[in-house]
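Below is one structure, written out as C-alpha coordinates; the observations come after it.
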Amino acid sequence: LVGTGDTNRGVDWGSSTLSQRVSPDSLSPHPMIPDDSRLWAALQDVSGGTWGGCIFDVDEIILTLEAGKKVRQPQNTI
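Position 49 (the sequence shown) corresponds to 52 in the numbering used here; numbering is contiguous.
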(Lines of atoms letter the chains of each structure in order from A and count residues from 1; the text may use other names and numbers.)
(Lines give C-alpha, C1' and ligand atoms only; values in the text may rest on other atoms or scores of the structure.)
Protein backbone atom coordinates (compact mmCIF):
# COMPACT_ATOMS: atom_id res chain seq x y z
CA LEU A 1 0.00 0.00 0.00
CA VAL A 2 1.32 3.40 -0.97
CA GLY A 3 -0.21 6.63 0.23
CA THR A 4 -0.60 9.18 2.96
CA GLY A 5 -2.95 8.96 5.90
CA ASP A 6 -6.18 7.31 4.75
CA THR A 7 -5.48 7.95 1.04
CA ASN A 8 -4.19 5.08 -1.11
CA ARG A 9 -2.12 6.66 -3.89
CA GLY A 10 -0.91 3.57 -5.74
CA VAL A 11 2.39 2.37 -7.14
CA ASP A 12 2.72 5.03 -9.87
CA TRP A 13 2.43 7.82 -7.31
CA GLY A 14 4.92 6.10 -5.02
CA SER A 15 7.40 5.50 -7.84
CA SER A 16 7.12 9.11 -9.00
CA THR A 17 7.58 10.45 -5.48
CA LEU A 18 10.61 8.26 -4.80
CA SER A 19 12.23 9.13 -8.15
CA GLN A 20 12.17 12.82 -7.15
CA ARG A 21 14.11 12.19 -3.94
CA VAL A 22 17.85 12.69 -3.96
CA SER A 23 19.94 10.13 -2.10
CA PRO A 24 22.57 11.63 0.19
CA ASP A 25 26.17 11.16 -0.92
CA SER A 26 26.88 9.46 2.40
CA LEU A 27 24.35 6.68 1.70
CA SER A 28 26.15 3.36 1.27
CA PRO A 29 25.88 -0.26 2.41
CA HIS A 30 27.19 -1.02 5.86
CA PRO A 31 30.76 -2.35 5.47
CA MET A 32 30.01 -5.39 7.63
CA ILE A 33 26.75 -6.48 5.98
CA PRO A 34 26.63 -10.29 5.94
CA ASP A 35 27.27 -12.10 2.65
CA ASP A 36 23.83 -13.73 2.66
CA SER A 37 22.20 -10.29 2.91
CA ARG A 38 24.38 -8.97 0.07
CA LEU A 39 23.41 -11.97 -2.08
CA TRP A 40 19.71 -11.48 -1.27
CA ALA A 41 19.95 -7.78 -2.24
CA ALA A 42 21.71 -8.60 -5.54
CA LEU A 43 19.11 -11.24 -6.43
CA GLN A 44 16.29 -8.80 -5.59
CA ASP A 45 17.94 -6.11 -7.72
CA VAL A 46 18.23 -8.28 -10.82
CA SER A 47 14.68 -9.57 -10.26
CA GLY A 48 13.03 -6.15 -10.39
CA GLY A 49 13.69 -4.87 -6.90
CA THR A 50 11.15 -4.07 -4.23
CA TRP A 51 8.59 -2.73 -6.69
CA GLY A 52 8.96 -5.96 -8.68
CA GLY A 53 7.17 -7.83 -5.92
CA CYS A 54 10.13 -9.00 -3.81
CA ILE A 55 10.31 -12.31 -5.64
CA PHE A 56 13.19 -13.99 -7.40
CA ASP A 57 12.84 -13.93 -11.19
CA VAL A 58 14.83 -17.10 -11.81
CA ASP A 59 14.92 -16.68 -15.60
CA GLU A 60 16.25 -13.12 -15.31
CA ILE A 61 18.84 -14.19 -12.73
CA ILE A 62 20.07 -16.98 -15.03
CA LEU A 63 20.21 -14.64 -18.07
CA THR A 64 22.17 -12.08 -16.06
CA LEU A 65 24.62 -14.67 -14.75
CA GLU A 66 25.17 -16.08 -18.25
CA ALA A 67 25.76 -12.59 -19.67
CA GLY A 68 28.21 -11.83 -16.87
CA LYS A 69 30.10 -15.07 -17.46
CA LYS A 70 30.50 -14.23 -21.16
CA VAL A 71 31.89 -10.79 -20.36
CA ARG A 72 34.28 -12.12 -17.73
CA GLN A 73 35.59 -15.07 -19.80
CA PRO A 74 39.22 -14.75 -20.83
CA GLN A 75 39.48 -13.89 -24.51
CA ASN A 76 41.52 -16.16 -26.76
CA THR A 77 44.21 -14.05 -28.39
CA ILE A 78 45.52 -16.68 -30.79
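Note that beta-carbon positions come from the ideal geometry of N, C-alpha and C, so glycine has one too. Quick caveat, the model's predicted, so the values are computed rather than measured.
field: Closest by C-alpha distance to V61, when choosing among W54, G52, L46
entry: L46
task: Give the DSSP bridge partners of T10, in chain order.
output: T7
- prompt: Pick from P37, R41, I64, S40: whose alpha carbon is nearest that of S85?
  reply: Coverage of the chain is limited to positions 4 through 81, which leaves residue 85 absent and any answer about it impossible.
- prompt: The alpha helix (DSSP H) with L68 in it runs from where to where?
  reply: Where L68 is concerned, the enclosing alpha helix (DSSP H) stretches over 61-75.
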